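Colleague: Pasting a structure here, questions to come.
There are 2 protein chains.
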Amino acid sequence: MKAKKKDRTQREKALSLLKRKIGAEAIRTDSKSLFEASLDNARLSFLPDAVIFPRKEEDVGALLKLANRHRVPVTPRGGGTATTGAASPVQGGWVLDLTYWRSVKIDAESGMATVQPGARIATIQRAAERKGWFYPPDPSSIKYATIGGTIATNAGGMSGAKYGVTRDYIFGLEGFLPTGEKVRWAAGLKKFASGYNMRDLWIGSEGTLGVITKAVLKLIPKPQARWTFLAAFPKEVQALRAARKLLKVPLMPAILEFLDRQTVQCLENYTAKPVFKAAPNSSLLLIELDGHEAQIAEEKEVVMQWAYEHASHFREATSLEEAEELWAVRRVCSQAMFQMGDAKLNEDIVVPMQSYIPLINHTLKLKRDFGLATPTFGHIADGNFHVHIMFNRGDKKQARQAEKAIHALMQKVVSLGGAISGEHGIGLAKTPFLRLQHNRAEINTMLAIKKALDPNYILNPGKIFDPYQVWKKEPAKVRLPWDHRPKSS
Amino acid sequence: MKAKKKDRTQREKALSLLKRKIGAEAIRTDSKSLFEASLDNARLSFLPDAVIFPRKEEDVGALLKLANRHRVPVTPRGGGTATTGAASPVQGGWVLDLTYWRSVKIDAESGMATVQPGARIATIQRAAERKGWFYPPDPSSIKYATIGGTIATNAGGMSGAKYGVTRDYIFGLEGFLPTGEKVRWAAGLKKFASGYNMRDLWIGSEGTLGVITKAVLKLIPKPQARWTFLAAFPKEVQALRAARKLLKVPLMPAILEFLDRQTVQCLENYTAKPVFKAAPNSSLLLIELDGHEAQIAEEKEVVMQWAYEHASHFREATSLEEAEELWAVRRVCSQAMFQMGDAKLNEDIVVPMQSYIPLINHTLKLKRDFGLATPTFGHIADGNFHVHIMFNRGDKKQARQAEKAIHALMQKVVSLGGAISGEHGIGLAKTPFLRLQHNRAEINTMLAIKKALDPNYILNPGKIFDPYQVWKKEPAKVRLPWDHRPKSS
Chain A
1130 MKAKKKDRTQ
1140 REKALSLLKR
1150 KIGAEAIRTD
1160 SKSLFEASLD
1170 NARLSFLPDA
1180 VIFPRKEEDV
1190 GALLKLANRH
1200 RVPVTPRGGG
1210 TATTGAASPV
1220 QGGWVLDLTY
1230 WRSVKIDAES
1240 GMATVQPGAR
1250 IATIQRAAER
1260 KGWFYPPDPS
1270 SIKYATIGGT
1280 IATNAGGMSG
1290 AKYGVTRDYI
1300 FGLEGFLPTG
1310 EKVRWAAGLK
1320 KFASGYNMRD
1330 LWIGSEGTLG
1340 VITKAVLKLI
1350 PKPQARWTFL
1360 AAFPKEVQAL
1370 RAARKLLKVP
1380 LMPAILEFLD
1390 RQTVQCLENY
1400 TAKPVFKAAP
1410 NSSLLLIELD
1420 GHEAQIAEEK
1430 EVVMQWAYEH
1440 ASHFREATSL
1450 EEAEELWAVR
1460 RVCSQAMFQM
1470 GDAKLNEDIV
1480 VPMQSYIPLI
1490 NHTLKLKRDF
1500 GLATPTFGHI
1510 ADGNFHVHIM
1520 FNRGDKKQAR
1530 QAEKAIHALM
1540 QKVVSLGGAI
1550 SGEHGIGLAK
1560 TPFLRLQHNR
1570 AEINTMLAIK
1580 KALDPNYILN
1590 PGKIFDPYQV
1600 WKKEPAKVRL
1610 PWDHRPKSS
Chain B
1130 MKAKKKDRTQ
1140 REKALSLLKR
1150 KIGAEAIRTD
1160 SKSLFEASLD
1170 NARLSFLPDA
1180 VIFPRKEEDV
1190 GALLKLANRH
1200 RVPVTPRGGG
1210 TATTGAASPV
1220 QGGWVLDLTY
1230 WRSVKIDAES
1240 GMATVQPGAR
1250 IATIQRAAER
1260 KGWFYPPDPS
1270 SIKYATIGGT
1280 IATNAGGMSG
1290 AKYGVTRDYI
1300 FGLEGFLPTG
1310 EKVRWAAGLK
1320 KFASGYNMRD
1330 LWIGSEGTLG
1340 VITKAVLKLI
1350 PKPQARWTFL
1360 AAFPKEVQAL
1370 RAARKLLKVP
1380 LMPAILEFLD
1390 RQTVQCLENY
1400 TAKPVFKAAP
1410 NSSLLLIELD
1420 GHEAQIAEEK
1430 EVVMQWAYEH
1440 ASHFREATSL
1450 EEAEELWAVR
1460 RVCSQAMFQM
1470 GDAKLNEDIV
1480 VPMQSYIPLI
1490 NHTLKLKRDF
1500 GLATPTFGHI
1510 ADGNFHVHIM
1520 FNRGDKKQAR
1530 QAEKAIHALM
1540 QKVVSLGGAI
1550 SGEHGIGLAK
1560 TPFLRLQHNR
1570 AEINTMLAIK
1580 KALDPNYILN
1590 PGKIFDPYQV
1600 WKKEPAKVRL
1610 PWDHRPKSS
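Chains as they are written, first to last, in my numbering: chain A, 1130 to 1618; chain B, 1130 to 1618.
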């Protein structure tokens, strides 16, 4: 979408006013900065007019007010690890980069952290752990993702079933309305029941309803111990059936990761060694228990007994290093898949437990029907599967097949009572499927809220609601900070 | 607020249309039914025109559509245990009573419950516990409060610091927009990141943004064991200082209740026996640990050591019966206070941990300055204090003093960085203080959302935003189901 001439004049005028207001040194327009701010991990590049690095709180308000007056799109940006294009400035304008605002203060007495939006998740976790506390949300981009971005997308991670998602660890938010007024939602207290729950409406709204400048996080006591375990199954269906049996206990593993055989093959090629020597080419379940040592000791017995009955092979990590080795393999799953195609449609769907097997069978059917690899792994205790549809973008036929396959997948997911996104959000990538998930009244309600808060439609416009055919856009060839191979040792 | 003549004609017409649409047997207009639906635990009675007991889902939509067409106020109602007047039909019209919709289905495999809005919290808890699961939110009205009402108010309870509030246990909601369209928010899955988080916006919106007809709840594994402990301190300040030391560990008690000496005196008069024989007229902390037995055993040592250092007297409950006895006393606190006046302003404020002592000193100052009793107890691990201002309503001077005292309290709370409500919500009772808590931009945003969802302002109108001087309204003399003395044994 190109800005029309009148819009362009408006935008130029606005930018010179902004320079005067907040200082030219807070604004970058060099091509390197523009390109870096033009995309996220979905690699869909749309160049902005400028990247703004505000130095003071009130600069954010001033910027938004100017943007409203001159109708300049504003796209807030954190670490840029979104996989959906949520941070791409699809309509140009200004990128608002708050990654330099990164203070982290731990209140060890109250079990809370007060953080700025640019603080990285790994930094927050380390700071909390130094004082005996724990911040559980663990997206795999943990070293790069910022708290602002993970709040905007309500990011999840592997430990969601036991520990919940980002929304479950937010006591309060401060920031600015799209129209530039300063607001504070929920005051950062442990309970708050005054007025509408705007805090939670902001969470997961992908930077379209407000700009976060401060967050108060909930911390919990750090689990005393962990235990990691790997179990192999000849086929996916057997792994999933066994997982359901394990969860029935009720036993609440901190992590229960499922890997299908396509994923395991990718990993084995990528790292050039078997994931589980005794059982190559198996579907795997990676299990982690955490909590009090005595509790783990008991639950471990339950898991071992279960493994004897259901798994073909299994092994426990007998040291922290061994556990870390298992997790390192899991963390490169996403990267490893690029052997099966230079492009992937990466879906983070959710289905109810009763639909795990129909879902995995459907991914195998898609593979047969469309001739594309569909490696799938996921967080099985909460039904959040990552289904990937791999293709080579240069191959027009494959690209068309991928488009058909993803439509078939999303329709199936919704028909199984599932969700088109569990933790990535909609961004640009899932926009064609939003209307599969929500009826007209639901969409209209969301749009009415957008209009109520952002009447000029300036804050991260083009996201969530406007259908965008992501598979038709050529991704940028770029090496992002998290693009690396694991050490092969 | 009396309906004008034109409004009355409209309302009569609407009611006869409604009878035709959903059946006369679903509608009650007898004076007993009208009175019962006219108030909640705040006892502020406003008679509705009719009480509607819909039999089918679509009846709810039809009712709301008619109400919009003819501008009839609709007030949804659960167990009527709200303490703020949130369920009072302040503008008349129709009360929508869903207490007969009470099915509870436990999915023991997924750790979820699917419930209808009229299911009582105690019923849900028992059903979950029978299958080894646990639904933690525990408002003291647990036997009478419905899940619909506790979602509408985001109810808390004693175990909030460890287990969170109602919002933390809601996976999905279904129901109707104020304009009558059926919607489903978040599909009842363990993760959901598609579109705006409308589910959480409904939670705590006090029945002003939608009518809930179904909820999917999160359950957690039931804690294996509990341990209950009572500690006495000569003065409030010592109790609070000790509580802060205990929380520093970090140790997460399931419950940490504080009782000031005024509360303890009320209890002792009411039950005609000392709460803690060894230490009459003390400020108390009631502590409960839960979890794995081995963990409790360790934490117990920490608590005992802490008690030796800080408490004047202490005692552990050595049996479940003894523990239950301690809790029974705590549960009648609210009732016991009516010895100090026939009316109370019951505030559920929250302050940060650093402000506990300034807060309690302020309640004692209010007592001195206004000559009214200010018994205070509360959930200390999350800073949620219940401050009561007691007076005799027949005494005009006392009523004026109470009004002044509550304004002074709320101003102090906000100046301490606190919240005017932690778990009761605003309803009618806290409306005069909403603008102390929220700035103009915040209030305008909330009002814009109300308008976006309920353009005709028919759903539970008059609540949250319109200042209402609750102390000027004579409460109804009525015996509600939960008005009873404890067995004195």
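Idealized CB from N, CA, C, for every residue including glycine. Model, not experiment: these values are computed from the prediction.
Going along the chain, which residues of the segment 1452-1473 of chain A sit with their C-beta nearer than 7 angstroms to a C-beta in chain B?
Modeller: Cβ contacts with chain B come from no residue of the segment 1452-1473 of chain A.
Colleague: Check the Cβ of B:GLU1310 against every Cβ in chain A and list those closer than 7 angstroms, keeping chain order.
Modeller: Residues of chain A passing the Cβ test: ALA1570.
Colleague: Is DSSP giving A:ALA1322 helix, strand or coil here?
Modeller: The answer is coil: DSSP assigns A:ALA1322 none of H, G, I, E or B.
Colleague: Does any residue of chain B bring its CB to less than 7 angstroms from the CB of A:ALA1446?
Modeller: False, the Cβ-Cβ gap to chain B never drops below 7 angstroms.
Colleague: Rounded to a whole number of angstroms, what is the C-alpha to C-alpha distance between B:TYR1437 and B:HIS1508?
Modeller: One C-alpha to the other measures close to 22 angstroms.
Colleague: Which residues mark the beginning and the end of the beta strand (DSSP E) in which B:GLU1310 is found?
Modeller: That residue, B:GLU1310, is in no beta strand (DSSP E); it is neither H nor E in DSSP.
Colleague: State the Cα-Cα distance for the pair B:PHE1164 and B:ASP1226, rounded to the nearest angstrom.
Modeller: When rounded, the distance between both Cα atoms is 13 angstroms.
Colleague: Threshold first: 4 residues or longer. Then list the alpha helix (DSSP H) segments lying entirely within the segment 1541-1574 of chain B, N to C.
Modeller: Taking only runs of at least 4 residues, the alpha helix (DSSP H) segments lying wholly in the segment 1541-1574 of chain B are 1563-1566.
Colleague: Going residue by residue through the segment 1194-1268 of chain A, where are the continuous beta strand (DSSP E) segments of at least 3 residues, counting only ones entirely within it?
Modeller: Qualifying beta strand (DSSP E) stretches, in chain order: 1203-1206, 1223-1226, 1233-1236, 1241-1244.
Colleague: Confirm, please, whether the CB-CB distance from B:SER1550 to B:ASP1477 is below 7 angstroms.
Modeller: Yes, these two residues count as a Cβ contact at 7 angstroms.
Colleague: If we ignore side chains and look at the alpha-carbon of each, how far apart do B:PRO1615 and B:ALA1452 end up?
Modeller: Residue placement at B:PRO1615 cannot be trusted, given a pLDDT of 47 that sits under 50; the coordinates are not used to answer.
Colleague: Which residue from B:ALA1510, B:ASP1188, B:LYS1161, B:ASN1568 puts its Cα closest to that of B:ALA1372?
Modeller: It is B:ALA1510.
Colleague: Going by the DSSP bridge assignment, what does A:ASN1475 pair with across the sheet?
Modeller: In DSSP, A:ASN1475 forms a bridge with A:HIS1517.
Colleague: Starting from the C-beta of A:ILE1486, find all residues in its chain whose C-beta is less than 8 angstroms away, skip the five residues before and the five after it, and write them out in chain order.
Modeller: Here the set comprises VAL1366, LEU1369, ARG1370.
Colleague: Using a beta-carbon distance cut-off of less than 9 angstroms, what residues from the segment 1555-1568 of chain B approach chain A?
Modeller: Those would be ILE1555, LYS1559, PHE1562, LEU1563, GLN1566, HIS1567, ASN1568, in chain order.
Colleague: Leaving out five residues on either side along the sequence, give the residues of the same chain with a beta carbon under 8 angstroms from the beta carbon of A:VAL1312.
Modeller: Within the same chain, A:VAL1312 has close Cβ partners GLU1303, GLY1304, PHE1305, LEU1306, MET1327, GLY1339.
Colleague: Would the beta-carbon of A:MET1433 fall within 7 angstroms of that of A:LYS1291?
Modeller: Cβ distance not < 7 angstroms, so A:MET1433 and A:LYS1291 don't count as in contact.
Colleague: In chain A, what lies closer than 7 angstroms to B:ASP1169 by C-beta?
Modeller: Simply none; closest approach about 16 angstroms.
Colleague: State the Cα-Cα distance for the pair A:HIS1491 and A:SER1544, rounded to the nearest angstrom.
Modeller: Near 12 angstroms, if we compare the C-alpha coordinates of A:SER1544 and A:HIS1491.
Colleague: Answer yes if the segment 1414-1427 of chain A comes into contact with the segment 1389-1400 of chain B, meaning at least three C-beta pairs across the two stretches below 8 angstroms, and no otherwise.
Modeller: They do not touch, by the three-pair rule.
Colleague: In or out: B:HIS1199 buried (at least 16 other Cβ within 10 Å) or exposed?
Modeller: Burial call: buried.
Colleague: Measure the beta-carbon distance from A:MET1575 to B:TYR1325 and round it to whole angstroms, keeping in mind my assumption that it falls under 8 angstroms.
Modeller: Confirmed, about 5 angstroms.
Colleague: Assign B:TRP1600 to one of three DSSP states: helix, strand, or coil.
Modeller: In the structure shown, B:TRP1600 sits in a helix (DSSP, three-state: H, G or I).
Colleague: Three-state secondary structure (DSSP) at B:ARG1679?
Modeller: Absent from the structure is residue 1679 of chain B, since the part of chain B shown begins at 1130 and ends at 1618.
Colleague: Short of 7 angstroms in beta carbon distance, which residues of its chain neighbour B:LEU1359, apart from the five on each side in sequence? Order them along the chain.
Modeller: Counting only Cβ-Cβ distances below 7 angstroms, and skipping sequence neighbours, we find PHE1405, LEU1413, LEU1415, PHE1443, ARG1444, LEU1455.
Colleague: Taking the beta carbon of B:THR1447 as the centre, do at least 16 other beta carbons fall within 10 Å, making it buried, or is it exposed?
Modeller: Its Cβ having fewer than 16 others within 10 Å, B:THR1447 is exposed.
Colleague: Report, in whole angstroms, the separation of the C-beta atoms of A:THR1204 and A:ASN1589, which I expect to be a contact under 8 angstroms.
Modeller: That belief holds up - the Cβ atoms of A:THR1204 and A:ASN1589 are roughly 5 angstroms apart, short of 8 angstroms.
Colleague: Less than 7 angstroms between the C-beta atoms of A:SER1411 and A:ALA1361, yes or no?
Modeller: For A:SER1411 and A:ALA1361, yes; Cβs fall inside 7 angstroms.
Colleague: Which residues in the same chain have their Cβ closer than 6 angstroms to the Cβ of A:MET1539, if we skip the five residues on either side of it in sequence?
Modeller: Closer than 6 angstroms at the Cβ level, and outside the excluded window around A:MET1539, lie ILE1549, PHE1562, LEU1565.
Colleague: If we call anything under 7 angstroms between Cβ atoms a contact, is B:VAL1180 one with B:ALA1166?
Modeller: In this structure, B:ALA1166 lies closer than 7 angstroms to B:VAL1180 by Cβ.
Colleague: If I'm right that B:PRO1202 touches B:GLN1220 with Cβ under 8 angstroms, what's the distance once you round it to whole angstroms?
Modeller: Right, the Cβ-Cβ distance comes to about 4 angstroms (below 8 angstroms), so this counts as a contact.
Colleague: Which class does A:HIS1421 belong to by DSSP, given the choice of helix, strand or coil?
Modeller: It is coil, neither helix nor strand.
Colleague: Assign A:THR1342 to one of three DSSP states: helix, strand, or coil.
Modeller: In the structure shown, A:THR1342 sits in a strand (DSSP, three-state: E or B).
Colleague: With the cut-off set at 7 angstroms, would you say B:ALA1605 and B:ARG1206 are in Cβ contact?
Modeller: Going by C-beta atoms, B:ALA1605 is not nearer than 7 angstroms to B:ARG1206.
Colleague: On the DSSP bridge assignment, give the partners of A:PRO1350 in chain order.
Modeller: Answer is A:TRP1262.
Colleague: Residues bridged to B:HIS1439 by DSSP?
Modeller: Paired residue(s): none; B:HIS1439 is not in a bridge.
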